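Positions 10 to 83 (our numbering) are the ones given, in order, by the sequence shown.
For each residue, glycine too, the CB sits at the ideal point set by N, CA and C.
None of the values given here were measured: they were computed from a predicted structure.
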Amino acid sequence: MFAVHFYENKTKVLNQALRSIPSVGEALKIKGRKGKVIEVLEMDESTYHVFVEFEKIVEKKIANTKDLGKKKRR
């Protein structure tokens with residue numbers, strides 16, 4: 010078992026105890042976000058730091074109820 014620490018930029022995202030170490034270029038899904046492994050550093054025999062680049066989050070805009078063109082009757 011290896012202690013694997015996942016980082017995005019300089020922010021720690023996740024720590025996991027894994028049986029295998031992810032390789033560079035491998036696609037991952039962490040906390041519902043898709044990403045790719047950029048770099049893997051071995052700190053000691055059982056500790057690894059994995060640097061991940063996540064895909065950009067696209068925000069969807071919600072249309073206002075006022076813009077629908079329907080008016081409420083009183």
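- Ile47 carries a strand assignment under DSSP once its states are collapsed to helix, strand and coil.
- Asn24 and His14 have their C-alpha atoms roughly 4 Å apart.
- In terms of Cα proximity to Asn18, the closest of Thr56, Glu62, Ile66, Val67 is Glu62.
- Beta-carbon to beta-carbon, Phe60 and Ile30 are separated by about 13 Å, too far to satisfy the 8 Å threshold.
- When Thr56, Lys70, Gly41, Val33 are compared, the shortest CA-CA separation from Leu27 is found for Thr56.
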